[in-house]
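**Student:** I'd like to ask some things about the structure below.
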């Protein structure tokens, strides 16, 4: 067992057990914080597939996060008002069922990632960063002026959506659901990194020419990674909307893209639990520093700066050492 | 001996009343670009509590950073771990829409110090939700009424392209009887209005109504003053608030704006408030300060009449609105929004600083347009 | 829609484009020479505006305010370069994005800490205020003409600096081959600080100039920053000519889109829906332009072909 494996196990155990303790000692808000951390971690796990594995620095992942959120908002708001989403030749009703919402969120964000990926992957490097940012901004401005679904006001959903067999209004049960999904997708991304696809993708990042020489198309590998990445972040968006029972265009803002990236880099890029540690630390900082000072953003900024300058490889790198060169 | 006993019983009784604490969660914007409004709200609210000198109210103050998801999270924390009885303080409508429905559904009281979107006044009205400020459309309606009264017959109107912007233009049109020379929606957060001003110039309008809150209004006013277009301007108070005016400078001089409050409103409560606020904080109060102050006084007046744990009684006590409002006469209508006079103010210079002076009353005893939709 | 109105709107587009150029020029230079993405460039724009507002308020002179903006932004730029940016040159873009994102947080809240939460006052000097009548009878604000003039002069000076001076030769050499100029005995570290301070000064000056007709407030730099990125990506990163062309394209698209799109939709929709759809689309127009340019030419209009 390497130090990193041990660290991963400890982190997940801590994140999983803290809410149980909070539940027993009747501290429901601690559970809410842990749920928030788990969901934001999931969004960053999504980005990690594109960024860590594929080397695609996307500053537009808020787009997928927002699409997931709006998938939930639109479906649930129609269900809550008993109005159909589409009523023409056939009728599409809204729904309050989480599995259906998740499916729609994942499908919609994967579709968006496919379209954007096809265009954006024609570019590379800084241009890729900027074109993803541009698509994010487009979505942001569109959402603000999309009156049918609340425009800048966003959409409020009064009761959390349902999951068969659970009462999602009980904080610990909703946490369990989010945490379960996080673990599941962490496992999947771990397997993905070791699969032939993951190895080829890794090779494409380091040396596209060699990959081409063995007959693989590096752009196509990256496109697949981008779509998977968008889908996972979209799922996180749907959960985030359910946690807040609210969606708004802020989910699409470029600051959201920046924050998802911050979780990842704070924790450690291309490390399995990097996003989880990053998101958890960020949520804790936001909670503690926010209570200490009105100007807490200064301290957050200084801390981030220190991590970039002095703790390369993020917190995981600091604790568990550099990633092995050939993984 | 008997006397002593009675005294101690009386003391004990007093002690129990003091024990009946009300815990208030004040969520407002204290960091980022919109912090000025939240700081004024907080300062007005806390001033009223300090003046009352009571120790049976505990206030927990939180910064929402003007982000809806942060506001929701803070509300969850205040409800779940702080176990507050009353929430208040949110400045922005989109944040209120994220927090209020969930909070009232959980049985908390929400007293609005500012944001009062149409949804919460009409179909979404709730017995636990009180707006102490206004209904969002009010100041725009007053501007429409004033434009009609002033004899304007061809107004050019503009607002940002978001729900509050649309509500604004609709509110204006509700009371405006003339023609429209043009109607445009600008980008939210837009900083350059040269293109819009050129359209105004070319439109042949006789007046301009604009709703551009925050920095947008500052930019528009400066550029408008410099453009040589000298049509009369009308706007709601938001762009002429005490704290913003100094940044606009002389460009705002003489502009008419509509408000539910002004620092020169002639009543004793207001005079005392303006003096105390200026002394304590070293600056003049704004509309947000006044609304925060009124909200706290309303809360205190209700606490004198009922226990917060008794929903029905506390609601009835709030409805009575038995406090000295800095706005003079003040009452609630059935949907728990204010019925109040709306004034027209003009920007004037007083010594070194710019401020507002009441010149007219636009509408008297205005409730709001969505009352019929409120089934409560 | 009269021809006069169109001319006036084109002038407006030019004016906003030329101010964007001042922002974008620094950004593209810094990227071209040092290979650095600087998200904190918008903060330097804000520093310039605040320095100008504070100085103008204290001295009553707009000109001194502009001077203060130049100095403050250049100093802030040089300081940040020495303390932070210098360590990022050999890092990947990801670290640069995060570190400069952190700088935005520090700059924004730091400014709020010093100057408070309310917007500051900065006005056009009396000599430049009010409108003038142009040939054809167009009434146009003198200050905006002044902005176009100052922008063009600065653009000219920048082209001269890059194309004709010793410093320019070094900068261009630095873009092509940094080992080579180091071998020739040029102090690379000083050159980098200088280029960064130059870019910062341009951004600060733009902030002060634009601050006079806008709101001087915390966070004013970020919208401009995003626009400036769009500009340099359209123009091709590292190219000053590209920045100029991109800035004018973005300025004109943004201004004219807001006017013509609603009218265009009014031909096929009812007026209320047309204004709203038009407004929504015009706010997305520049991003669509950028996406289209990148799909057509993945390294921008004047970018190096790979």
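Residue numbers (UniProt numbering), protein chains in the order written: chain A, 1 to 327; chain B, 1 to 376; chain C, 1 to 306.
The beta carbon of each residue, even a glycine, is placed where N, CA and C say it ideally should be.
(1) Alpha carbons only, please: which of B/166, B/297, B/317 and B/244 is nearest the one belonging to residue 306 of chain B?
(2) For residue 269 of chain A, which three-state DSSP category applies?
(3) Given a cut-off of 9 Å on the beta-carbon distance, is the pair residue 45 of chain C and residue 123 of chain C in contact?
(4) In the DSSP assignment, what are the bridge partners of residue 325 of chain B?
(5) Under 9 Å between beta-carbons, which chain C residues line up against residue 127 of chain A? List them in chain order, please.
(6) Looking at the structure shown, is residue 13 of chain B part of a helix, part of a strand, or coil, going by DSSP?
(7) Taking only runs of the beta strand (DSSP E) that begin and end inside the stretch 84–158 of chain B, which ones reach a length of at least 3 residues, in chain order?
(8) With DSSP run on the structure shown, which of helix, strand or coil describes residue 173 of chain B?
(9) In chain A, what lies closer than 8 Å to residue 63 of chain B by C-beta?
(10) Which class does residue 259 of chain C belong to by DSSP, given the choice of helix, strand or coil?
(11) List, in order along the chain, the chain B residues whose C-beta lies closer than 8 Å to that of residue 244 of chain A?
(12) For residue 328 of chain B versus residue 270 of chain B, is the C-beta spacing smaller than 9 Å?
(13) Where does residue 207 of chain A land, buried or exposed, given buried means 16+ other C-beta within 10 angstroms?
(14) What is the residue span of the beta strand (DSSP E) that residue 350 of chain B lies within?
(15) Is the beta carbon of residue 152 of chain A closer than 9 Å to that of residue 169 of chain B?
(16) Shorter than 9 Å from the beta carbon of residue 145 of chain A to some beta carbon of chain B?
(17) Anything in chain D within Cβ reach of residue 156 of chain A, meaning under 8 Å, just list it in chain order.
(18) Which ranges does the beta strand (DSSP E) cover as unbroken runs of at least 3 residues, wholly within the stretch 232–318 of chain B, from first to last along the chain?
(19) Taking Cβ-Cβ distances below 7 Å as the criterion, which residues of the stretch 210–234 of chain B are in contact with chain C?
(20) Can you tell me where the alpha helix (DSSP H) holding residue 379 of chain B begins and where it ends?
(21) Let me confirm a value: residue 127 of chain A is counted as buried when at least 16 other C-beta atoms fall within 10 Å, else exposed. Which label applies?
(22) Would you mind sorting residue 194 of chain C into buried or exposed? The rule is 16 or more other CB atoms within 10 Å of its CB.
(23) Once you ignore the five residues that flank residue 229 of chain B on each side, which residues in its own chain have a CB closer than 7 Å to its CB?
(24) When you compare the CB of residue 385 of chain B with every CB in chain A, is at least one pair closer than 9 Å?
(25) Report all residues from its chain with a CB closer than 6 Å to the CB of residue 164 of chain B; omit the five preceding and five following residues, and keep chain order.
(26) Hey, residue 340 of chain A and residue 112 of chain A: beta-carbon distance below 9 Å or not?
(27) Closer than 8 Å by beta-carbon distance: list the chain A residues that pair up with residue 229 of chain C, in chain order.
(28) Would you kindly work out how many angstroms separate the C-alpha atoms of residue 102 of chain A and residue 166 of chain B, rounded to a whole number?
(29) Would you mind sorting residue 296 of chain A into buried or exposed? The rule is 16 or more other CB atoms within 10 Å of its CB.
(30) Cutting at 7 Å between CB atoms, please list the residues of its own chain near residue 173 of chain B, excluding the five before and the five after it.
(31) Secondary structure at residue 255 of chain A, three-state DSSP: helix, strand or coil?
(32) Can you give the beta carbon distance from residue 64 of chain B to residue 29 of chain A, rounded, assuming they're within the 8 Å contact cut?
(33) Tell me which residues share the same chain as residue 158 of chain C and place their Cβ nearer than 7 Å to its Cβ, disregarding the 5 neighbours each side in the sequence.
(34) What does the alpha-carbon distance come out to for the pair residue 154 of chain A and residue 238 of chain A?
(35) Distance check for residue 312 of chain A and residue 4 of chain A, CA to CA, integer angstroms please.
(36) Check residue 123 of chain A in the structure and name its three-state DSSP category.
**Tutor:** In short, the structure shows the following:
(1) Position 306 of the second chain, counting from 1, holds the residue named residue 306 of chain B. Comparing alpha-carbon positions, the option among B/166, B/297, B/317 and B/244 lying closest to residue 306 of chain B turns out to be B/317.
(2) Here residue 269 of chain A refers to the residue found at position 269 when the first chain is read from its first residue. If DSSP states are grouped into helix, strand and coil, residue 269 of chain A belongs with coil.
(3) Within the third chain, numbered from 1, the residue matching residue 45 of chain C stands at position 45. Within the third chain, numbered from 1, the residue matching residue 123 of chain C stands at position 123. Going by C-beta atoms, residue 45 of chain C is not nearer than 9 Å to residue 123 of chain C.
(4) Your numbering for residue 325 of chain B matches position 325 in the second chain. Its beta-bridge partners are B/328.
(5) Your numbering for residue 127 of chain A matches position 127 in the first chain. In chain order: 233, 237, 294, 298, 299, 300 and 303.
(6) Reading the second chain from its first residue, position 13 is the one you call residue 13 of chain B. Only weak support exists for where residue 13 of chain B lies, its pLDDT of 43 falling under 50; the value from the coordinates is given anyway. Three-state DSSP puts residue 13 of chain B in a helix.
(7) Unbroken beta strand (DSSP E) runs of no fewer than 3 residues, entirely contained in the stretch 84–158 of chain B, are found at 86–88, 109–112 and 129–131, following chain order.
(8) In the second chain, residue 173 of chain B corresponds to position 173, counting from 1. Helix at residue 173 of chain B.
(9) Translated into the one-based positions of the second chain, residue 63 of chain B becomes position 63. When 8 Å is used as the limit between beta carbons, residue 63 of chain B is near these residues of chain A: 290 and 294, in chain order.
(10) Within the third chain, numbered from 1, the residue matching residue 259 of chain C stands at position 259. The three-state secondary structure of residue 259 of chain C, taken from DSSP, is helix.
(11) Counted from its first residue, the first chain places residue 244 of chain A at position 244. Residue 244 of chain A reaches chain B at 68, 69, 72, 73 and 98, counting residues in chain order whose Cβ is nearer than 8 Å.
(12) As a first step, residue 328 of chain B must be located in the second chain, where it is residue number 328. As a first step, residue 270 of chain B must be located in the second chain, where it is residue number 270. Yes, the Cβ-Cβ distance between residue 328 of chain B and residue 270 of chain B is below 9 Å.
(13) Position 207 of the first chain, counted from the start, is the residue given in the question as residue 207 of chain A. Exposed, because fewer than 16 other Cβ atoms sit within 10 Å of the Cβ of residue 207 of chain A.
(14) The sequence position of residue 350 of chain B within the second chain is 350, counting from 1. Its beta strand (DSSP E) spans residues 338–350.
(15) Within the second chain, numbered from 1, the residue matching residue 169 of chain B stands at position 169. Within the first chain, numbered from 1, the residue matching residue 152 of chain A stands at position 152. Not in contact: residue 169 of chain B and residue 152 of chain A (Cβ atoms no closer than 9 Å).
(16) In the first chain, counting from the first residue as 1, residue 145 of chain A sits at position 145. At least one C-beta of chain B is nearer than 9 Å to the C-beta of residue 145 of chain A.
(17) The structure shown has no chain D; the protein chains it does contain are A, B and C.
(18) The qualifying runs are 233–236 and 256–259.
(19) Within the stretch 210–234 of chain B, 215, 218, 219, 222, 223, 226, 227 and 228 place their CB atoms closer than 7 Å to a CB of chain C, listed in sequence order.
(20) This structure cannot speak to residue 379 of chain B, because chain B is shown only from 1 to 376.
(21) In the first chain, counting from the first residue as 1, residue 127 of chain A sits at position 127. The Cβ neighbour count for residue 127 of chain A, taken over all protein chains shown within 10 Å, is at least 16; the residue is labelled buried.
(22) Working through the third chain from its first residue, we reach residue 194 of chain C at position 194. Here residue 194 of chain C is buried, its C-beta having at least 16 other C-beta atoms within 10 Å.
(23) Position 229 of the second chain, counting from 1, holds the residue named residue 229 of chain B. Residues 197, 200 and 201 of the same chain have their beta carbon placed closer than 7 Å to that of residue 229 of chain B, with the five preceding and five following residues left out of the count.
(24) Outside the displayed range of chain B (1 to 376) lies residue 385 of chain B, so it cannot be described from this structure.
(25) Indexing the second chain from 1 puts residue 164 of chain B at position 164. Counting only Cβ-Cβ distances below 6 Å, and skipping sequence neighbours, we find 93.
(26) Past the boundaries of the shown model lies residue 340 of chain A; chain A is included only from 1 to 327, so the question cannot be answered.
(27) Looking up residue 229 of chain C in the third chain gives position 229. Residues of chain A passing the Cβ test: 130 and 133.
(28) Position 102 of the first chain, counted from the start, is the residue given in the question as residue 102 of chain A. Position 166 of the second chain, counted from the start, is the residue given in the question as residue 166 of chain B. Roughly 33 Å between the two C-alpha positions.
(29) Sequence index remark: in the first chain, residue 296 of chain A carries index 296 (1-based). Residue 296 of chain A should be labelled buried.
(30) Against the second chain, residue 173 of chain B aligns to sequence position 173. So the list reads 144, once near-sequence residues are dropped.
(31) Within the first chain, residue 255 of chain A is the residue found at index 255, counting from 1. Correct three-state label for residue 255 of chain A: helix.
(32) Translated into positions along the second chain, residue 64 of chain B becomes position 64. Translated into positions along the first chain, residue 29 of chain A becomes position 29. Not really, about 16 Å apart at Cβ, beyond 8 Å.
(33) Residue mapping note: residue 158 of chain C aligns to position 158 of the third chain, counting from 1. Within the same chain, and ignoring the five residues on either side of residue 158 of chain C in sequence, the residues whose Cβ sits closer than 7 Å to its Cβ are 25 and 240.
(34) Against the first chain, residue 154 of chain A aligns to sequence position 154. Against the first chain, residue 238 of chain A aligns to sequence position 238. Put simply, the backbone Cα of residue 154 of chain A is about 14 Å away from that of residue 238 of chain A.
(35) For this step, residue 4 of chain A is matched to residue 4 along the first chain. For this step, residue 312 of chain A is matched to residue 312 along the first chain. C-alpha separation (whole angstroms): 16 Å.
(36) In the first chain, counting from the first residue as 1, residue 123 of chain A sits at position 123. It is coil, neither helix nor strand.
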